[in-house]
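Undergrad:
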Amino acid sequence: MTMTEPFEQAVQRHGETVLRVCRAVLGPGPDAEDAWSETFLAALRSWPELAEDTNVEAWLVRVAHRKAIDVTRVRTRRAIPTDQLPERPSRETVEGGDEQGVWAAVAALPERQRLALAYHHLGGLPHAETAQLIGGTPASVRRAAADGMKTLRRVYGAQGDAADREPAQQEQVRCEPTHRESTPRTTDGEPR
Amino acid sequence: MNRTPEPPPAPSSGPAIVEEMLPLEDGRLAGLHARLAARAEQEGLLEVAYRTVDSPVGPLLLAATPQGLVRIAYEREGFDAVLETLAARIGPRVLAAPRPLDAAAAELEEYFAGNRRAFDLPLDHALSSGFRAVVQRALPRIDYGRTRTYQEVAELVGNPRAVRAVGTACATNPLPLVVPCHRVLRSDGSLGGYLGGAEAKTLLLALEREGSAA
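Those sequence lines, one after another, are chains R and Z.
Residue numbers are given in the working numbering: position 72 of the first sequence equals residue 72, and the series is strictly consecutive.
Going from the second sequence to the working numbering is simple: count from 1 and add 1000.
1. Go to R1028(Z), then tell me how far its alpha helix (DSSP H) extends in each direction, as first and last residue.
2. Got a sec: which bits of the segment 1030-1042 of chain Z sit with their beta carbon under 8 Å from any beta carbon on chain R, in order along the chain?
3. Quick one: what's L1062(Z) bridged to in DSSP?
4. Would you mind telling me which residues of chain Z sit closer than 7 Å to E16(R), beta carbon to beta carbon, in chain order?
5. What does the alpha-carbon distance come out to for the pair F1079(Z) and S1190(Z)?
6. Taking the alpha-carbon of P1140(Z) as reference, which of A1126(Z), N1115(Z), F1112(Z) and L1177(Z) has the nearest alpha-carbon?
7. Less than 8 Å between the C-beta atoms of V18(R) and V71(R), yes or no?
8. Could you tell me which of A1073(Z), T1065(Z) and R1093(Z) sits nearest to G1058(Z), measuring between CA atoms?
9. Look at the alpha carbon of R1161(Z) and the alpha carbon of D1026(Z), and state the distance between them as a whole number of angstroms.
10. Throw me the rounded Cβ distance for the A105(R) and V155(R) pair, which I believe falls under 8 Å.
11. Kindly list, in the order they appear in chain R, the residues whose Cβ is closer than 8 Å to that of G1078(Z).
12. With 16 other CB atoms within 10 Å as the buried threshold, where does M149(R) fall?
13. Any beta carbon of chain R sitting closer than 8 Å to that of G1091(Z)?
14. What would DSSP say about T4(R), mapped onto helix, strand or coil?
15. Nearest by alpha-carbon distance to V1184(Z): which of L1062(Z), L1207(Z), R1035(Z) and V1153(Z) is it?
16. Using a Cβ cut-off of 8 Å, pull out every chain R residue sitting near A1063(Z), in sequence order please.
17. Which word fits E166(R), buried or exposed, when buried means at least 16 other C-beta atoms lie within 10 angstroms of its C-beta?
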């Protein structure tokens, strides 16, 4: 059986996941949004032929991986005649929504950690499948993803602690109670 | 699409903690969705475009194929169920894309404001077949502000004994309002059923009475 679900459902259910993956891979600038658009356009084209029992999210994440590579190629090509200009700042461009500075921390991770984290933690792909996309062994992917997460937790924990002292951001933290349990802390709120 | 219910939690995605650590700005995804809809339309990829509008008879879902308006649904029909049926019967490339429905939304607004007596929209009758389709195509011949009985409609389509089938055709009309099944009543003058509910039928008939008197 091929797909009979409305495509809109795929956009609603997986749009955010795919955007996070694209941002982690390409930085939080326009490249990530181009990759998101190309991913969903390609998915829309293929949608009627897709097997009904496909894991749609994993499928979209693999399409996003290919589109991110395309976007990177185009960026590199465009960059050749203008190589006197400063390096395109897309890794550093954070257009809001990153009060905690964690997106910036993702951009600063070593490439393998960043990609492993993108496809495994954000995209939900198993380590073995992530290894097929980015090379290396599943074990090395597991290590890279874990190392990346460790860095992000440290940044997030530090910022979360700062937020406790700022009333404007405290509200936001209260709305999302689950991460407080997941972030190792001492009783007085200091991250370990 | 603001009327699409919250998606269920994705079971396979990474730990929820990582999604909290990496927030997305409000409205960013809506902007990307709008861009996707525009490009999909441009490239002729959409089998069904849809949007919702508010109206005096409650929220309405409007859906169109490249051929024309294919479905108008009342909220009580369940928009998700309607979209699933459209995907199964027409094609799964179904996307919230407002622009192809601009003309339909504008004409409906004029109708509800009492400023429009007939619709001038390309229609796609793909969801109807057989006798139901014959009846549904004949219904626009009942003028604004007038009513007919199921019996009279059966006679109108040349099948005077098919009163019950006319009732079924009205009850399964995929294009209510534009195809005015609300103008068909029981022979005793009582309201009869309506897929938008009796209250909506009463409201439409009152609206058209006022509109004709003006």
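From the three backbone atoms N, C-alpha and C, an ideal C-beta is built for every residue, glycine too.
TA: Reading from the atomic positions:
1. It spans R1028 to Q1042 - the alpha helix (DSSP H) in which R1028(Z) sits, taken as one unbroken run.
2. Cβ contacts with chain R: L1032, H1033, R1035, L1036, R1039 and A1040.
3. The partner list for L1062(Z) (beta bridge, DSSP) reads R1051(Z) and I1072(Z).
4. Here the neighbours are L1024 and L1029.
5. Rounded to the nearest whole angstrom, the CA to CA distance from F1079(Z) to S1190(Z) is 29 Å.
6. Nearest in C-alpha terms to P1140(Z), of all of A1126(Z), N1115(Z), F1112(Z) and L1177(Z), is L1177(Z).
7. Cβ atoms of V18(R) and V71(R): not closer than 8 Å.
8. Per the C-alpha coordinates, the member of A1073(Z), T1065(Z) and R1093(Z) positioned closest to G1058(Z) is A1073(Z).
9. Using only the alpha carbons, I get a separation of about 58 Å.
10. Sure, about 4 Å apart at Cβ, within 8 Å.
11. Result: empty, since nearest Cβ-Cβ is about 13 Å, beyond 8 Å.
12. Buried: at least 16 other Cβ atoms inside 10 Å.
13. It does; some Cβ of chain R falls within 8 Å.
14. The three-state secondary structure of T4(R), taken from DSSP, is coil.
15. With distances taken between CA atoms, V1184(Z) lies nearest to V1153(Z) out of L1062(Z), L1207(Z), R1035(Z) and V1153(Z).
16. Near A1063(Z) there are no residues of chain R at all, since even the closest Cβ is about 10 Å away, more than 8 Å.
17. Summary for E166(R): the model assigns pLDDT 42, below 50, so the residue's position carries little reliability; its value from the coordinates is reported in the next sentence. Exposed, because fewer than 16 other Cβ atoms sit within 10 Å of the Cβ of E166(R).
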